[in-house]
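*Asks:* So the sequences go chain by chain: Y and P. The working numbering numbers the first residue of the first sequence as 1 and each following residue consecutively. The working numbering numbers the first residue of the second sequence as 1001 and each following residue consecutively. One structure is given below, represented as structure tokens, and several questions about it will come after.
2 protein chains.
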Amino acid sequence: MGKLLIVGTVAFDEIETPFGKTDKILGGAATFIGLAASQFEVDSAIVSIVGDDLPEEYLDLLRNKNIDLSGVEIVKGGKTFYWKGKYHNDLNSRDTLATELNTLADFNPVVPDNFKDADIVMLGNLHPNTQMSVIEQMKATPKLIVLDTMNFWMDNALEELEQVIKHIDVITINDAEARQLTDEYSLVKAAEEIQKMGPKYVVIKKGEHGALLFHNEKVFFAPALPLEEVFDPTGAGDTFAGGFSGYLAATDTISFANLKNAVIHGSNLASFCVERFGTRRMQDLKREEVNQRLHQFKTLTQFDIELK
Amino acid sequence: MGKLLIVGTVAFDEIETPFGKTDKILGGAATFIGLAASQFEVDSAIVSIVGDDLPEEYLDLLRNKNIDLSGVEIVKGGKTFYWKGKYHNDLNSRDTLATELNTLADFNPVVPDNFKDADIVMLGNLHPNTQMSVIEQMKATPKLIVLDTMNFWMDNALEELEQVIKHIDVITINDAEARQLTDEYSLVKAAEEIQKMGPKYVVIKKGEHGALLFHNEKVFFAPALPLEEVFDPTGAGDTFAGGFSGYLAATDTISFANLKNAVIHGSNLASFCVERFGTRRMQDLKREEVNQRLHQFKTLTQFDIELK
């Protein structure tokens, strides 16, 4: 059972989709990563910051999944990071209606002592300096450092982002961000360029069009499961990252073959996440459901052509 | 060795992409379908119409691939169908700059006697009435009728299109067209609706995002091979259709498992088509190259997770 260290937001989300809207509900990258990773036999911890306005039941929900929250700072009288967004009809794009950093503005992550030797470090989307600070606190070199980021940091903290990218093993970004980071339209070329920046592995997420894993000359592709209904895409990317890093922490083998499996597990879990608002679907997700859908993934992609 | 009957345009294309432009070159749906199908052991024929302005060498190119052209009417003094288009920078969209129907305006397809018992009929994109006329000329019920179409006919001849769709086994359309035809955004639902209209199998082409095959409750997905360079997408969809129908004609087994293989072969051949202008890459494509890239497809998609 490997140790997984998760860094990212625990937050309030308020979401509107064509199918309905929510009040403030539990959200945040670390939340989704943690819930997804809890599907595997891992010893995981979240490093984050929240205000004391965050209902205790939200924290309990994570604790009940055996996630160590000793690294979550709770600021007395502070307010928790809040994001409000509205999805367009095709669910592929969204408008951010509000972002309140609140306590996140002064976040100095502190890695708990007993996770300074984590096997896998999953750096959720945050300021690159915050991500870097976590790497610097590790006592032993982790087997794998995975970083998720987004275009916001390419626009506003590119130098800092390039700095942290030098120190990681896997980057997960979406296709538009890969193009922005490299000025290459071809994702094959973009992945080559990104590997030169540091990471040995590049995961390019294409939303409903699946995800690509690049490593040297090798490429692997996992489709998104075609669904009758996509209800709310919020957290799908983080759930992917959680499944990916959780599986690797549980299996403890760093190889292209095993990273392929991790991509499949990440895609599989993300396919559940989008079926309900926020964390709803992930909270009570059963192992049997997960396993059953893995069969669907296999049927979806496996073929039997005799090769010459 | 099965018989494959191909109906579609043999045409002049004039193409501009971000990488260059052409004069009038050989194009047309039947051309691309025929070239792709010629990669398999098939006995194929094209039914089409051209003017005598089409260089004899273009027809020889097809004849040299053992494609029977006795069903290609050559109109004396007539002009061949001509299309001119310009691709945008991302190559995912294009503007049609000119369309001259010419001889195609009076096209009455005549199926050669020796192909009225074809095993597979591949109806390339044409007016639905033209496609229907070919079906009506068949003496024996083909093992499989495959129809390709596009949004133009949904806009301008929807009733006729719905009529021909009742009589076919497989439809190949792109994602936007599947949505237009059914008013369903979810491709899973769209494919369900289309199956109710007639075809037992629905292939939804997503360009660089791959292709989906639907049949009852079953779904299969083939990615597009991630390429360093996509040079000219013209003919990729037709090449897919040619690989798909050619493989089925050669293997003579109509089952979901074999249609999955056909989708992979179609995707594989389409990945070559886009590497050069027009038919350039397909003209001299070697079996070894095709087989080698099939290995890449396998590596790209196959994984080994133990399922419970």
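Even for Gly, the Cβ is constructed at its ideal location relative to N, Cα and C.
1) Taking the beta carbon of residue 1104 of chain P as the centre, do at least 16 other beta carbons fall within 10 Å, making it buried, or is it exposed?
2) For the 8 Å Cβ check, are there 3 or more pairs between the region 1027 to 1036 of chain P and the region 1231 to 1242 of chain P?
3) List the endpoints of the continuous beta strand (DSSP E) containing residue 43 of chain Y.
4) Applying the criterion that 16 or more other CB atoms from any shown protein chain within 10 Å of the CB defines a buried residue, is residue 156 of chain Y buried or exposed?
5) I want to see whether chain Y comes within less than 8 Å of residue 1295 of chain P, judged by CB atoms only; does it?
6) Do the region 1045 to 1054 of chain P and the region 1001 to 1008 of chain P touch if we need at least three Cβ pairs shorter than 8 Å?
7) Enumerate in chain order the residues of its own chain whose CB-to-CB distance from residue 166 of chain Y is below 8 Å, with the five nearest sequence positions on each side excluded.
8) Can the beta-carbon of residue 76 of chain Y be found less than 8 Å from the beta-carbon of residue 53 of chain Y?
9) Output yes if chain P places a C-beta closer than 8 Å to the C-beta of residue 304 of chain Y; else output no.
10) Listing by chain order, which chain P residues have their CB less than 9 Å from the CB of residue 188 of chain Y?
11) Taking 8 Å as the cut-off, decide whether the C-beta atoms of residue 221 of chain Y and residue 207 of chain Y are in contact.
12) From this set, P:1062, P:1085, P:1170 and P:1186, which residue's C-alpha is nearest residue 1018 of chain P's C-alpha?
13) How close, in whole Å, do the beta carbons of residue 1307 of chain P and residue 261 of chain Y come, if the pair is a contact with beta carbons under 8 Å?
14) By Cβ distance, which residues of its chain are closer than 7 Å to residue 1094 of chain P, with the 5 residues on each side in sequence left out?
15) Assign residue 267 of chain Y to one of two classes, buried (16 or more other C-beta atoms within 10 Å of its C-beta) or exposed (fewer than that).
16) Going along chain P in order, which residues have a C-beta closer than 9 Å to the C-beta of residue 261 of chain Y?
17) Here's a check: name, in chain order, each residue in its chain whose Cβ is nearer than 8 Å to the Cβ of residue 1147 of chain P, leaving out the five neighbours to either side.
18) Just mark residue 1176 of chain P as buried or exposed, buried being the case when its beta carbon has 16 or more other beta carbons within 10 Å.
19) So what's residue 282 of chain Y in DSSP terms, helix, strand or just coil?
20) Tell me whether residue 1217 of chain P sits in a helix, a strand or coil according to DSSP, three-state version.
21) Thinking just about the alpha-carbon of each residue, which of Y:1, Y:30, Y:64 and Y:83 is nearest to the one in residue 15 of chain Y?
22) Just how far apart, CA to CA, sit residue 1278 of chain P and residue 1223 of chain P?
23) For residue 110 of chain Y, tell me which candidate among Y:270, Y:72 and Y:247 has the shortest Cα-Cα distance.
24) Pull up the distance between the alpha-carbon of residue 32 of chain Y and that of residue 1203 of chain P, whole angstroms please.
25) Cβ of residue 183 of chain Y versus every heavy atom of the ligand PLP: is any distance shorter than 7 Å?
26) When you compare the CB of residue 1219 of chain P with every CB in chain Y, is at least one pair closer than 8 Å?
27) Kindly provide the ranges of any alpha helix (DSSP H) runs that are 4 or more residues long and lie completely inside the region 192 to 216 of chain Y, ordered along the chain.
28) Just to make sure I have the definition right: I need the residues of chain Y whose C-beta is within less than 7 Å of the C-beta of residue 1300 of chain P. Which are they?
29) Less than 8 Å separating the beta-carbons of residue 139 of chain Y and residue 120 of chain Y?
30) Ignore the nearest five residues each way along the sequence and tell me which others in residue 1021 of chain P's own chain have a CB closer than 7 Å to its CB.
31) Tell me whether residue 281 of chain Y is buried or exposed, calling it buried when 16 or more other Cβ atoms sit within 10 Å of its Cβ.
32) Give, in chain order, every residue of the region 256 to 288 of chain Y whose Cβ lies closer than 9 Å to some Cβ of chain P.
33) Compare the Cα-Cα distances from residue 1065 of chain P to each of P:1042, P:1051 and P:1215 and report the closest residue.
34) Whose Cβ in chain P lies nearer than 8 Å to the Cβ of residue 90 of chain Y?
35) Can you list, in chain order, the residues of its chain with a C-beta nearer than 6 Å to that of residue 1256 of chain P? Leave out the 5 residues immediately preceding and following it.
36) Can you list, in chain order, the residues of its chain whose CB lies under 8 Å from that of residue 154 of chain Y, leaving out five sequence neighbours each side?
*Replies:* Judging by the given coordinates:
1) Here residue 1104 of chain P refers to the residue found at position 104 when the second sequence is read from its first residue. Residue environment analysis places residue 1104 of chain P among the buried positions, since at least 16 neighbouring C-beta atoms fall within 10 angstroms of its C-beta.
2) yes
3) As a working note, residue 43 of chain Y is residue 43 in the first sequence. 43 to 51 is the span of the beta strand (DSSP E), which, as asked, contains residue 43 of chain Y.
4) The residue given as residue 156 of chain Y occupies position 156 in the first sequence. By the neighbour-count rule (16 or more Cβ atoms within 10 Å), residue 156 of chain Y is not buried but exposed.
5) To locate residue 1295 of chain P, count along the second sequence from 1; it is residue 295. A Cβ of chain Y is located within less than 8 Å of the beta carbon of residue 1295 of chain P.
6) yes
7) Position 166 of the first sequence, counted from the first residue, corresponds to residue 166 of chain Y. Cβ within range, chain order: 197 and 198.
8) Your numbering for residue 76 of chain Y matches position 76 in the first sequence. Your numbering for residue 53 of chain Y matches position 53 in the first sequence. It is not a contact, given that the beta carbons lie outside the stated cut-off.
9) On the first sequence, residue 304 of chain Y is found 304 positions in, with the first residue counted as 1. Closer than 8 Å to some Cβ of chain P, the Cβ of residue 304 of chain Y qualifies, so yes.
10) Taking the first residue of the first sequence as position 1, residue 188 of chain Y is located at position 188. Those within 9 Å of residue 188 of chain Y in chain P are 1226, 1227, 1228 and 1229.
11) Here residue 221 of chain Y refers to the residue found at position 221 of the first sequence. Here residue 207 of chain Y refers to the residue found at position 207 of the first sequence. The Cβ-Cβ distance between residue 221 of chain Y and residue 207 of chain Y does not fall below 8 Å.
12) The residue given as residue 1018 of chain P occupies position 18 in the second sequence. Of the listed residues, the one whose Cα sits closest to residue 1018 of chain P is P:1085.
13) Within the second sequence, numbered from 1, the residue matching residue 1307 of chain P stands at position 307. Within the first sequence, numbered from 1, the residue matching residue 261 of chain Y stands at position 261. Going by Cβ atoms, the distance from residue 1307 of chain P to residue 261 of chain Y rounds to 11 Å, so no, they are not a contact pair.
14) For the purposes of this step, residue 1094 of chain P is taken as residue 94 along the second sequence, with counting starting at 1. Correct list, in chain order: 1085, 1086, 1087 and 1088.
15) Here residue 267 of chain Y is taken as the residue at index 267 of the first sequence, counted from 1. By the neighbour-count rule (16 or more Cβ atoms within 10 Å), residue 267 of chain Y is buried.
16) Here residue 261 of chain Y refers to the residue found at position 261 of the first sequence. What residue 261 of chain Y touches in chain P: 1303, 1304 and 1305.
17) Position 147 of the second sequence holds residue 1147 of chain P. Counting only Cβ-Cβ distances below 8 Å, and skipping sequence neighbours, we find 1123, 1131, 1164, 1165, 1168, 1170, 1171, 1172 and 1199.
18) For this step, residue 1176 of chain P is matched to residue 176 along the second sequence. It counts as exposed.
19) Position 282 of the first sequence, counted from the first residue, corresponds to residue 282 of chain Y. Reduced to three states, the DSSP call for residue 282 of chain Y is helix.
20) Locating residue 1217 of chain P in the second sequence gives position 217, counting from the first residue. Here residue 1217 of chain P sits in coil by DSSP.
21) Indexing the first sequence from 1 puts residue 15 of chain Y at position 15. Ranking the options by Cα distance to residue 15 of chain Y, first place goes to Y:83.
22) For the purposes of this step, residue 1278 of chain P is taken as residue 278 along the second sequence, with counting starting at 1. For the purposes of this step, residue 1223 of chain P is taken as residue 223 along the second sequence, with counting starting at 1. Roughly 22 Å between the two C-alpha positions.
23) Sequence index remark: in the first sequence, residue 110 of chain Y carries index 110 (1-based). Out of Y:270, Y:72 and Y:247, Y:72 has the C-alpha closest to the C-alpha of residue 110 of chain Y.
24) Position 32 of the first sequence, counted from the start, is the residue given in the question as residue 32 of chain Y. Position 203 of the second sequence, counted from the start, is the residue given in the question as residue 1203 of chain P. Their backbone Cα atoms lie some 34 Å apart in a straight line.
25) Among the ligands in the structure shown, none appear at all, so the ligand PLP cannot be discussed.
26) What you label residue 1219 of chain P is simply residue 219 of the second sequence in a count that begins at 1. Yes, residue 1219 of chain P lies at the interface with chain Y (some Cβ there is under 8 Å from its Cβ).
27) none
28) The residue you call residue 1300 of chain P lines up with position 300 of the second sequence. Here the neighbours are 219, 220 and 221.
29) Residue mapping note: residue 139 of chain Y aligns to position 139 of the first sequence, counting from 1. Residue mapping note: residue 120 of chain Y aligns to position 120 of the first sequence, counting from 1. Cβ atoms of residue 139 of chain Y and residue 120 of chain Y: not closer than 8 Å.
30) One-based indexing of the second sequence puts residue 1021 of chain P at position 21. Only 1015 meet the Cβ criterion.
31) Indexing the first sequence from 1 puts residue 281 of chain Y at position 281. Buried.
32) 257, 260, 261, 263, 264, 265, 287 and 288
33) Here residue 1065 of chain P refers to the residue found at position 65 when the second sequence is read from its first residue. If we check each option's Cα against that of residue 1065 of chain P, P:1042 comes out closest.
34) Position 90 of the first sequence, counted from the start, is the residue given in the question as residue 90 of chain Y. Going along chain P in sequence order, the residues near residue 90 of chain Y (Cβ under 8 Å) are 1185.
35) For this step, residue 1256 of chain P is matched to residue 256 along the second sequence. Cβ neighbours of residue 1256 of chain P beyond the five flanking positions: 1215 and 1218.
36) In the first sequence, residue 154 of chain Y corresponds to position 154, counting from 1. Closer than 8 Å at the Cβ level, and outside the excluded window around residue 154 of chain Y, lie 161, 177, 180 and 181.
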